[in-house]
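In my numbering, the protein residues as written are 103 to 460.
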Amino acid sequence: MVEVVGTAPTSAMVITKPVYRHSWKTNIINIKLFQRDSISLFTMKLTKEQQQEIADQQAQKHETKRVTSSELEKILYEALPVLDHGFVRVVDYMGDDSSIVQSARVSYGKGTKKVSTDEGLIKYLMRHWHSTPFEMCEIKYHVKLPIFIARQWIRHRTANVNEYSARYSILDKEFYVPEKKHLSAQSAINRQGRGDLITGEQADEVLQILKDDATRTYSNYEKMLNEKFDGTIIDEKKSGLARELARMNLTLNSYTQWYWKTDLLNLLNFLFLRADSHAQYEIRVYAEAMLDTVKKWVPITHSAFLDYRVGAVHVSAKGKKVIQQMARGEKVTYESSGLSKREWNELMTSFEFKDKLI
Ligand SMILES: Cc1cc2nc3c(=O)[nH]c(=O)nc-3n(C[C@H](O)[C@H](O)[C@H](O)COP(=O)(O)OP(=O)(O)OC[C@H]3O[C@@H](n4cnc5c(N)ncnc54)[C@H](O)[C@@H]3O)c2cc1C
Numbered sequence: 103m104v105e106v107v108g109t110a111p112t113s114a115m116v117i118t119k120p121v122y123r124h125s126w127k128t129n130i131i132n133i134k135l136f137q138r139d140s141i142s143l144f145t146m147k148l149t150k151e152q153q154q155e156i157a158d159q160q161a162q163k164h165e166t167k168r169v170t171s172s173e174l175e176k177i178l179y180e181a182l183p184v185l186d187h188g189f190v191r192v193v194d195y196m197g198d199d200s201s202i203v204q205s206a207r208v209s210y211g212k213g214t215k216k217v218s219t220d221e222g223l224i225k226y227l228m229r230h231w232h233s234t235p236f237e238m239c240e241i242k243y244h245v246k247l248p249i250f251i252a253r254q255w256i257r258h259r260t261a262n263v264n265e266y267s268a269r270y271s272i273l274d275k276e277f278y279v280p281e282k283k284h285l286s287a288q289s290a291i292n293r294q295g296r297g298d299l300i301t302g303e304q305a306d307e308v309l310q311i312l313k314d315d316a317t318r319t320y321s322n323y324e325k326m327l328n329e330k331f332d333g334t335i336i337d338e339k340k341s342g343l344a345r346e347l348a349r350m351n352l353t354l355n356s357y358t359q360w361y362w363k364t365d366l367l368n369l370l371n372f373l374f375l376r377a378d379s380h381a382q383y384e385i386r387v388y389a390e391a392m393l394d395t396v397k398k399w400v401p402i403t404h405s406a407f408l409d410y411r412v413g414a415v416h417v418s419a420k421g422k423k424v425i426q427q428m429a430r431g432e433k434v435t436y437e438s439s440g441l442s443k444r445e446w447n448e449l450m451t452s453f454e455f456k457d458k459l460i
């Protein structure tokens with residue numbers, strides 16, 4: 103018997119070893135060496151066992167009186183690939199568009215008069231920032247992601263998280279290595295952003311450093327544990343260092359996994375920030391995959407979200423005045439606007455007045 107992975111020792115439950123061993127660990131059989139961008143990389147696909155687990159989950163049928171979302175049902179449990187070794191998969195959900203309408207009306211039944219009125223109501227709620235009806239829908243994801251992205255993700259506090267425990271289990275031998283086309287230099291104008299692409303020999307060198315460092319620290323991790331990632335003991339005469347200590351020199355591009363459950367309101371907040379072009383590419387790709395799941399789950403809300411959040415422009419009072427003056431054909435300049443240079447450029451960019459950028 104072992105303690106449940108990722109559960110605090112004080113509240114530890116026990117489960118049988120076979121279940122524990124069946125957790126989402128990568129299997130040596132699936133390691134393939136491949137060449138990308140002139141360096142050798144490991145790729146690990148889902149093991150046969152994991153594929154079977156998903157197939158079994160997808161084959162199960164339960165009768166329910168609750169609403170389900172037919173499009174989301176089709177991809178339930180499926181691992182949607184993200185980055186080189188990551189994935190995101192929907193493992194559970196509650197509610198659909200009609201649940202939002204139902205709670206907004208505090209109705210007894212489905213709350214649906216006509217799809218068109220439901221759509222109108224959802225649009226109204228989104229437009230006027232009525233938040234609580236969207237909290238009535240919940241979704242649970244299983245995500246595999248690099249640790250440095252997990253650090254950004256975990257800042258979204260309004261979710262329930264249970265992470266794979268590197269105190270209990272050995273982390274997979276998998277590291278995120280960017281594709282060459284994402285290997286950008288530090289931006290000269292945005293301290294948090296990326297600039298032009300790094301190319302040629304310098305790009306090869308960077309990729310090689312990333313790969314070498316990750317492999318070196320992982321093999322030292324195995325040495326300290328006295329155990330290989332596939333479970334074989336290195337030296338029978340030695341005892342390995344505790345997993346909770348051995349992990350500390352692993353590189354941040356190592357992959358971790360978690361279950362992440364949140365309600366639709368907070369999911370949309372997460373997606374608004376992380377599917378945005380200002381978010382780092384490596385988290386944005388997860389957000390984009392999740393946005394697709396939202397489309398399948400609550401299509402009316404998804405469409406309202408794109409319209410009133412993602413595609414909308416938030417304008418300050420001074421900014422509004424500038425746009426009003428421009429619409430009236432009056433001459434308006436940055437100097438007379440009262441906006442800072444940054445605000446002015448953001449406003450002009452939002453309305454695609456590229457010739458007015460300063
Ligand atoms: C492009 C980008 C760059 C970033 N750069 C940095 C950075 O340089 N440094 C850094 O530290 N962070 C950075 N962040 C993280 C950012 O500041 C937020 O912490 C993160 O996006 C989570 O947002 P949130 O608080 O809205 O989400 P959640 O934690 O999910 O909260 C959702 C909402 O719930 C409410 N809420 C939650 N908890 C509380 C609370 N304790 N008190 C009051 N209200 C609460 C708030 O209204 C909040 O907006 C960055 C984020 C983005 C998208």
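No residue lacks a Cβ here, since even glycine has one placed at the ideal position from N, Cα and C.
Taking the C-alpha atoms as reference points, what is the distance between Leu459 and Phe250?
Approximately 35 angstroms between the Cα atoms of the pair.
In DSSP terms, what Met196 is bridged to
Glu240.
Along the chain, where does the alpha helix (DSSP H) containing Pro401 start, and where does it finish?
For Pro401, the uninterrupted alpha helix (DSSP H) segment begins and ends at 401-407.
Any idea what DSSP makes of Ile300, helix, strand or coil?
Three-state DSSP puts Ile300 in coil, outside helix and strand.
Give the secondary structure of Leu459 by DSSP, where H, G and I count as helix, E and B as strand, and everything else as coil.
Coil, per DSSP.
Assign Gly333 to buried or exposed, taking buried as 16 or more other Cβ atoms, counted over all protein chains shown, within 10 Å of its Cβ.
When all chains shown are included, Gly333 counts as exposed.
Do you know how far the Cα of Thr149 is from the Cα of Ile131?
Model confidence at Ile131 stands at a pLDDT of 39, short of 50, so the residue's coordinates are unreliable and nothing is read from them.
Pull up the CB-CB distance for Lys420 and Ser438, whole angstroms please, since I reckon it's below 8 angstroms.
Contact doesn't hold; Cβ gap of about 11 angstroms is too wide.
Would you report the Cα separation of Val107 and His244, rounded to the nearest angstrom?
The predicted position of Val107 is uncertain, since its pLDDT is 40 and thus under 50; no value can be drawn from it.
Run of the beta strand (DSSP E) containing Trp255, from where it starts to where it stops:
That residue, Trp255, is in no beta strand (DSSP E); its alpha helix (DSSP H) goes 249-255.
Less than 8 angstroms separating the beta-carbons of Arg411 and Phe374?
Contact flag set, yes.
Ends of the beta strand (DSSP E) at Trp446?
For Trp446, there is no enclosing beta strand (DSSP E); the enclosing alpha helix (DSSP H) has its first and last residue at 443-452.
Cβ of Ala381 within 7 angstroms of any heavy atom in ligand 1?
Checking every heavy atom of ligand 1 against the Cβ of Ala381, one is found closer than 7 angstroms.
Euclidean distance between Cα positions of Glu454 and Ser379:
Cα to Cα, the separation comes out at about 16 angstroms.
Could you tell me the alpha carbon to alpha carbon distance between Lys163 and Ile177, rounded to whole angstroms?
Just so you know, the alpha carbons of Lys163 and Ile177 end up roughly 14 angstroms apart.
Would you mind stating whether Trp360 and Tyr270 have Cβ atoms separated by less than 8 angstroms?
In this structure, Tyr270 does not lie closer than 8 angstroms to Trp360 by Cβ.
If you reduce the DSSP assignment to three classes, tell me which class Ile336 lands in.
Three-state result, Ile336: coil.
Just to confirm, does His258 get its C-beta within under 7 angstroms of one of the non-hydrogen atoms of ligand 1?
Yes, the Cβ of His258 comes within 7 angstroms of a heavy atom of ligand 1.
Ignore the nearest five residues each way along the sequence and tell me which others in Met428's own chain have a CB closer than 7 angstroms to its CB.
Within the same chain, Met428 has close Cβ partners Val434.
Whole angstroms is fine: what's the gap from Val193's alpha carbon to Thr219's?
Within the model, the alpha-carbon separation for Val193 versus Thr219 is close to 30 angstroms.
Check whether the Cβ atoms of Ile336 and Glu324 sit closer than 8 angstroms, and answer yes or no.
For Ile336 and Glu324, yes; Cβs fall inside 8 angstroms.
Are the stretch 311-322 and the stretch 338-358 touching, with three or more C-beta to C-beta distances below 8 angstroms?
Touching, yes, given that three or more Cβ pairs across the two stretches are closer than 8 angstroms.
Whole angstroms is fine: what's the gap from Val263's alpha carbon to Gln426's?
Val263 and Gln426: Cα-Cα distance of roughly 46 angstroms.
According to DSSP, is Arg191 helix, strand or coil?
Correct three-state label for Arg191: strand.
Can the beta-carbon of Ala377 be found closer than 8 angstroms to that of Val190?
For Ala377 and Val190, no; Cβs fall outside 8 angstroms.
Let me confirm a value: Val415 is counted as buried when at least 16 other C-beta atoms fall within 10 Å, else exposed. Which label applies?
With fewer than 16 other Cβ atoms from the protein chains shown falling within 10 Å of its own Cβ, Val415 counts as exposed.
CA nearest to the CA of Asp198, picked from Thr451, Ser172, Gln382, Leu273:
Checked all of Thr451, Ser172, Gln382, Leu273; the closest Cα to Asp198 is Ser172.
Classify Ala161 as buried or exposed, calling it buried when 16 or more other Cβ atoms lie within 10 Å of its own Cβ.
It counts as exposed.
Beta-carbon proximity check, Pro248 vs Glu445, cutoff 8 angstroms
No.
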